[in-house]
Amino acid sequence: MAAKLKKGDKVVVLAGKDKGKQGEITAVMPKDNKAIVDGINISIRHQRQTQNSQGGRVPKAMPIDLSNLALMDKDGKATRVGFREEDGKKVRFAKTTGDVI
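Heads up, our numbering is the position in the sequence shown plus 34, with the first residue counted as 1.
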């Protein structure tokens, strides 16, 4: 099945501690049905010092479930994603505005 959310998409968080926040998808894990969004679901990880990097508490973006994310349309509102065929190609479109993504 085609992916509704892809790397580089601007999304809004629908549920959880970061509800209402916006960000851009940096990685998608289709097998786990999760995505990593920069600035969202931040967790503190402890890292050991190495020769070339300082150790300490490092903030890291953790994966968030795709069901808790919604694509942002051009107006900055959350929208659902649909598929249709244009010129023989399957394209994604925003359900609220009907614009091709």
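Heads up, the beta-carbon is just placed ideally off N, CA and C, and yes, glycines get one too.
Open item on the list: For I76 and D43, I'd like the C-alpha separation in whole angstroms.
Closed with: Working through the sequence shown from its first residue, we reach residue 76 at position 42. Working through the sequence shown from its first residue, we reach residue 43 at position 9. Between I76 and D43, the C-alpha separation is close to 19 Å.
TODO: Can you tell me which of D72, P64, D66, K65 puts its alpha carbon nearest to the alpha carbon of V45?
DONE: Indexing the sequence shown from 1 puts residue 45 at position 11. The shortest Cα separation from V45 among D72, P64, D66, K65 belongs to D72.
Task: Neighbour-count burial assignment, G109, 16 or more Cβ in a 10 Å radius - done: By 1-based counting over the sequence shown, the position of residue 109 is 75. Per the sequence presented here, residue 109 reads as Asp, with Gly not at that position. Classified as exposed, D109 has fewer than 16 neighbouring CB atoms from the shown chains inside 10 Å of its CB.
Task: Rounded straight-line distance, which links the Cα of G132 to that of L90 - done: Mapped onto the sequence shown, residue 90 falls at position 56. Mapped onto the sequence shown, residue 132 falls at position 98. What sits at residue 90 in the sequence shown is Gly, not Leu. For G90 and G132, the distance between alpha carbons rounds to 47 Å.
Open item on the list: Could you check whether V62 and K68 sit closer than 9 Å to each other, using their CB atoms as the reference points?
Closed with: By 1-based counting over the sequence shown, the position of residue 68 is 34. By 1-based counting over the sequence shown, the position of residue 62 is 28. Contact flag set, yes.
Open item on the list: Is there a C-beta anywhere in chain B that falls below 9 Å from the one on R91?
Closed with: Although the question refers to chain B, the structure presented lacks it and comprises just one protein chain.
Task: Separation of N86 from D66, as counted between CA atoms - done: In the sequence shown, the residue the question calls residue 66 occupies position 32. In the sequence shown, the residue the question calls residue 86 occupies position 52. Cα to Cα, the separation comes out at about 32 Å.
Open item on the list: Can you tell me where the beta strand (DSSP E) holding T130 begins and where it ends?
Closed with: The residue given as residue 130 occupies position 96 in the sequence shown. Per DSSP, T130 lies in no beta strand (DSSP E) segment and is marked neither H nor E.
Open item on the list: Can you tell me which residues form a DSSP beta bridge with R99?
Closed with: The residue you call residue 99 lines up with position 65 of the sequence shown. Per the sequence shown, residue 99 should be read as Asp rather than Arg. BP columns for D99 point to K68.
- [ ] Report yes if the CB atom of A36 is closer than 9 Å to the CB atom of R114, and no otherwise.
- [x] If you number the sequence shown from 1, residue 36 lands on position 2. If you number the sequence shown from 1, residue 114 lands on position 80. No; because the gap between Cβ atoms is not below 9 Å, this pair is not in contact.
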